[in-house]
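Shown next, in structure tokens, is the structure this report addresses.
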Amino acid sequence: MKNYQYVFLFDLHGLSARILHEYRYRLRRYGTIKVVKPTLFKIAFTKVYGGIPTEIAEKARGEIGFLFTNINPAEMIKIVAENAVRRAAQPGDKAPFDIVVPAGPTNASPGPIISKFGKLKIPTRVQEGKIWIAKDSVVARAGQEITPEIAEVLRVVGIEPIFEQLRLLGVIWKGTRFVDISELVIDVSKYRELFETAAVYARNLALNVVYPTKEVLQVVIPAAHMRAVALAVKLGVVTKETLPMLISRAVAEANALAAAVAPKAPELGISVAVSQAPQQQAVQSAEEAKAPAEEEKKEGPSDEEVAGSLASLF
1 MKNYQYVFLF DLHGLSARIL HEYRYRLRRY GTIKVVKPTL FKIAFTKVYG
51 GIPTEIAEKA RGEIGFLFTN INPAEMIKIV AENAVRRAAQ PGDKAPFDIV
101 VPAGPTNASP GPIISKFGKL KIPTRVQEGK IWIAKDSVVA RAGQEITPEI
151 AEVLRVVGIE PIFEQLRLLG VIWKGTRFVD ISELVIDVSK YRELFETAAV
201 YARNLALNVV YPTKEVLQVV IPAAHMRAVA LAVKLGVVTK ETLPMLISRA
251 VAEANALAAA VAPKAPELGI SVAVSQAPQQ QAVQSAEEAK APAEEEKKEG
301 PSDEEVAGSL ASLF
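Residue numbers (this note's numbering): 1 to 314.
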């Protein structure tokens with residue numbers, strides 16, 4: 001007890017000696033398994049720690065065994081589960097998966113057992129003095145209760161479908177308290193979901209406070225650029241990017257003004273400009289896209305000249 005931080009208690013009731021010995025062998029790298037009387041365990045515990053808490057004394061009684069280890073308890077639970085020992089099915093067990101009896105010979109000689117194969121609808125034949133399975137047959141579906149007939153047939157064909165493991169009750173944590181096994185079992189899918197949710201919240205928070213990381217800047221810089229262009233257009237700031245929108249706005253406002261004036265002063269002969277049809281706009285855009293690259297390189301008027309031209313329109 002002095003050499004190990006954690007002591008697991010497990011249920012011995014109904015646990016076969018074979019399963020216990022198999023676990024002793026498989027877990028020898030992670031700790032040691034002891035089967036001692038609870039009274040002796042309490043005496044040893046008291047000598048090591050100077051006393052025994054009430055909750056530990058209450059749990060350390062009955063048919064129990066002890067697993068001493070220095071491995072983290074949550075990890076140790078996974079190790080115990082991964083080292084489950086296969087055993088023959090017994091009546092009342094639940095099938096952990098679809099149990100299939102494969103086609104081929106068995107070691108059983110013809111006799112009353114053939115009727116049990118027939119009852120389970122397993123096609124058989126007698127060949128070379130042995131019972132042969134004619135084809136693969138499912139004798140139990142996952143979750144189905146094992147009947148005496150199924151258990152006997154599986155025993156005859158040598159199939160051990162049940163995985164049995166130590167039934168851990170809890171762990172004595174560094175000699176201070178008892179932790180129930182339900183508090184140590186980790187649902188990996190649940191924690192994965194929690195991490196994914198936390199990542200989403202962290203990303204949203206980083207975007208809101210504009211925390212300068214690669215992932216955040218890839219989003220906020222384009223958004224900031226769009227807002228800057230929209231503000232520049234609203235304020236009438238002339239740049240290469242705002243000029244098309246400013247001209248479009250000026251044309252729209254001029255047409256709106258003309259539409260309002262024309263009915264009231266027909267003698268002025270004002271006509272409202274009609275916007276190009278969508279097809280004409282598409283053709284014009286295609287023609288502009290085909291224009292030689294050299295034309296794009298020509299120097300246009302300066303920003304000041306453009307601003308003066310716009311001002312002269314009004």
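Glycine included, C-beta positions come from ideal geometry on N, C-alpha and C. Treat the numbers as computed from the prediction; the structure is a model and nothing was measured.
In the same chain as G51, and ignoring 5 residues on each side of it, no C-beta atom comes closer than 8 Å to its own. By the C-beta criterion, the segment 161-169 is judged to be in contact with the segment 73-92, since at least 3 inter-stretch pairs fall below 8 Å.
The Cβ atoms of I71 and Y30 lie closer than 8 Å to each other. Inter-segment contact for the segment 138-152 and the segment 111-125 is present: three or more beta-carbon pairs are separated by less than 8 Å. In the structure shown, F45 falls within a helical segment according to DSSP collapsed to helix, strand and coil. The shortest C-alpha to C-alpha distance from T32 to any of S109, L67 and H13 is the one to L67. Here G51 carries a coil assignment [DSSP, helix/strand/coil]. Beta-bridge partners assigned by DSSP to Q127: K130. K116 carries a helical assignment under DSSP once its states are collapsed to helix, strand and coil.
Here S248 carries a helix assignment [DSSP, helix/strand/coil].
In terms of Cβ geometry, I181 and I56 do not form a close pair [threshold 8 Å]. Taking every protein chain shown into account, the CB of I43 has fewer than 16 other CB atoms within 10 angstroms, so this residue is exposed. Per DSSP, K190 is not a residue of any beta strand (DSSP E); the alpha helix (DSSP H) it occupies stretches across V188 to V209. Secondary structure of L243 (DSSP, three-state): helix. Cβ atoms of Y6 and P53 stay farther apart than 8 Å, at about 15 Å. For the 8 Å CB-CB criterion, K59 and G170 form a contact.
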